[in-house]
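Asker: Starting off with a structure, shown below.
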Amino acid sequence: MRWLNWFKRAVPGPAHLKTGLWGEAVAVKHLKRQGYRIVDTRVRVGRRDEIDIIAQRNEVLIFVEVKTRANERMGRPVAAVDRRKRDRLGRAAMRYMRSLRIQPPYFRFDVVEVIGSSGDRQPEVRHLENVFQLPKGMRVPW
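For the sequence shown, my numbering begins at 15 and goes up steadily by one.
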């Protein structure tokens, strides 16, 4: 896992941002191993909204939120995807899909939990599929 050591040295900034970026890199690697095609990462949509990973498998476009924690003493990372976060992800996904030339027939929202830190050889990775639906009041743009 030399790339993790390189990553730790190469990414400047506060520790919590490094941890989040490291978790996203681990999640991308995990998804690729599972057969997902990574469409894009760290997609900014609007001023405040960001999608961590956009992936595709078959005809399904997948919006992935990555939650990284050193341990689970304070609970599961997926618990941090509260209503406000789901609303932001839903809004960002709708804006992103409006910008596409060809609309995907299916889409879903997944969460990837990464437990560990950049010094760990084998962080625990959990991919939770279809964690939530489009928030109430939001409609598909087509």
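Each residue gets a CB set at the ideal place from its N, CA and C atoms; glycine is no exception.
Please read these numbers as outputs of a predicted model, since none were measured by experiment.
#1: From Lys150 to Val78, what distance separates their C-alpha atoms?
#2: Tell me where the beta strand (DSSP E) around Lys150 begins and ends.
#3: Rounded to whole angstroms, what's the CA-CA distance from Gly49 to Glu73? Just pull it up for me.
#4: Would you mind working out which of Arg153, Gln147 and Ile129 sits nearest His44, comparing C-alpha positions?
#5: Just list the alpha helix (DSSP H) runs in the region 86 to 129, keeping only unbroken ones of 4 residues or longer that don't cross its boundaries, in chain order.
#6: Please work out which residues of its chain come closer than 7 angstroms, Cβ to Cβ, to Phe146, disregarding the five sequence neighbours upstream and downstream, and give them in chain order.
#7: With Arg61 as the anchor, note down where its beta strand (DSSP E) starts and where it stops.
#8: Taking DSSP's pairing of strands, which residues face Glu38 in a bridge?
#9: Please name the residue or residues paired with Ala69 in a DSSP beta bridge.
#10: Please look up how many angstroms separate the CB atoms of Leu60 and Arg109, rounded, as I've assumed it's under 8 angstroms.
#11: Helix, strand or coil for Arg140, going by three-state DSSP, please let me know.
#12: Could you tell me the distance, in whole angstroms, from the CA atom of Leu148 to the CA atom of Ala39?
Answerer: The relevant details are as follows:
#1: For the purposes of this step, residue 150 is taken as residue 136 along the sequence shown, with counting starting at 1. For the purposes of this step, residue 78 is taken as residue 64 along the sequence shown, with counting starting at 1. Looking at the two C-alpha atoms, the distance is approximately 19 angstroms.
#2: Along the sequence shown, one-based indexing puts residue 150 at 136. From DSSP, Lys150 is part of no beta strand (DSSP E); its letter is neither H nor E.
#3: To locate residue 49, count along the sequence shown from 1; it is residue 35. To locate residue 73, count along the sequence shown from 1; it is residue 59. The alpha-carbon atoms of Gly49 and Glu73 are separated by roughly 13 angstroms.
#4: Numbered from 1 along the sequence shown, position 30 holds the residue referred to as residue 44. Of the listed residues, the one whose Cα sits closest to His44 is Ile129.
#5: 97 to 112
#6: Here residue 146 is taken as the residue at index 132 of the sequence shown, counted from 1. Hits under 7 angstroms: Arg100 and Phe123.
#7: In the sequence shown, the residue the question calls residue 61 occupies position 47. Note, Arg61: premise wrong, no beta strand (DSSP E); not H, not E.
#8: Taking the sequence shown and counting its residues from 1, the one referred to as residue 38 is at position 24. BP columns for Glu38 are empty, so no partner.
#9: Residue numbering aside, residue 69 sits at position 55 when the sequence shown is read from its first letter. BP columns for Ala69 point to Ile52 and Ile76.
#10: On the sequence shown, residue 60 is found 46 positions in, with the first residue counted as 1. On the sequence shown, residue 109 is found 95 positions in, with the first residue counted as 1. Contrary to the premise, residue 60 reads as Gly rather than Leu in this sequence. With a Cβ gap of about 6 angstroms, Gly60 and Arg109 count as contacting.
#11: As a working note, residue 140 is residue 126 in the sequence shown. In this structure, Arg140 counts as strand in the three-state DSSP scheme.
#12: The count along the sequence shown starts at 1 and reaches residue 148 at position 134. The count along the sequence shown starts at 1 and reaches residue 39 at position 25. Each residue's alpha carbon lies about 26 angstroms from the other.
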